[in-house]
Every structure is written in structure tokens, then in C-alpha cells.
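Colleague: Dropping the structure in here first, questions after.
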Amino acid sequence: MVDDLSERLAAVVRAARTGRGLSVSGFADASGVSRAMISKIERGGVQPTAALLGELSAALGLTLSELIARAEHDEPRVARAADQPEWTDPDSGYRRRAVSPPAPGPLELVEVALPAGAGPLTARG
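Okay, here's the thing in C-alpha cells:
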């Protein structure tokens with residue numbers, strides 16, 4: 001039985017391989033893993049060992065930890081427009097919209113807009 005993380009690992013391996021422009025044959029040559037095994041892994045048909053994932057991740061230029069982290073955190077990187085919270089300053093018209101969904105870590109993608117002719121923003125104390 002293949003679990004959810006194994007299915008996500010399969011998708012991450014496939015996406016990383018195709019994102020680097022590697023064919024299954026080229027990936028097999030680079031990793032030393034057979035084409036048949038790569039195909040089974042990418043289809044989610046087998047649960048790969050850590051050693052096997054280590055060979056694949058090295059051929060992809062990733063550490064094993066990076067490969068697994070990508071599978072563990074397979075959340076969307078951009079939220080749907082309807083799910084992007086927006087705040088507008090009533091005085092200046094400054095608008096801030098959170099484009100990325102909330103996620104652990106220090107990175108947040110936001111869109112900021114100022115109306116034409118808006119002056120500097122200052123705090124009133």
C-alpha cells in the first residue's frame with residue numbers, strides 16, 4: 001500500500017525531473033536507477049527506500065531533505081483571488097493584498113498598490 005506522502009513524493013520527483021528537462025532515460029543515466037524503477041516511483045506504484053530517493057535527489061541537484069520537504073509541504077504557492085485577504089487604508093488608499101496563502105516560514109508574497117498621486121505614508125501619533 002502506498003501512502004499519501006509517497007504519492008506526493010512521486011509527484012515531486014516527476015515535477016523536478018520534467019522541470020529540469022530530463023527524460024526518464026536521461027534521469028536513469030544521471031541517477032543510476034533503472035528506467036523501470038523511476039517509472040514505478042513516478043506513478044506511485046512503489047514506496048522508494050531512502051537510499052533510492054537519495055540517488056534520485058542527487059541527480060536532481062537536491063538533498064534528500066529538500067526532496068522530502070517539497071513533498072511534505074505541497075501547499076499552493078499562490079492563493080485564489082477570492083481567498084486573498086485585502087486591506088485598504090481609508091486615508092491614503094494604500095492597498096495590501098496577501099497573494100500567498102499563510103505558510104510556515106519567513107516568506108510572504110503580497111501585492112501593494114498606491115493610488116496615483118498618493119503622498120508618503122506617515123504615522124499619526
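Residue numbering for the sequence shown follows our numbering, starting at 1 and increasing by one per position.
Where is the CB? At the ideal position from N, CA and C, for every residue including glycine.
Note that the structure is predicted; figures quoted are calculated from it, not measured.
1. Express the C-alpha separation of ALA50 and GLY61 in angstroms, rounding to a whole number.
2. Classify ARG17: buried if its beta carbon has 16 or more other beta carbons within 10 angstroms, exposed otherwise.
3. Confirm, please, whether the CB-CB distance from ALA98 to GLU108 is below 8 angstroms.
4. Let me check one thing: in DSSP terms, what residues is THR18 bridge-paired to?
5. Taking ALA82 as the reference, which of ASP89, ALA113 and PRO101 has the closest Cα?
6. Rounded to whole angstroms, what's the CA-CA distance from GLY44 to SER6? Just pull it up for me.
7. DSSP state of VAL12, grouped into three classes?
Modeller: On the basis of the coordinates in this document:
1. 16 angstroms
2. buried
3. yes
4. According to the DSSP secondary-structure assignment, THR18 is paired through a beta bridge with no residue.
5. PRO101
6. Going by the C-alpha atoms only, they are around 7 angstroms apart.
7. helix
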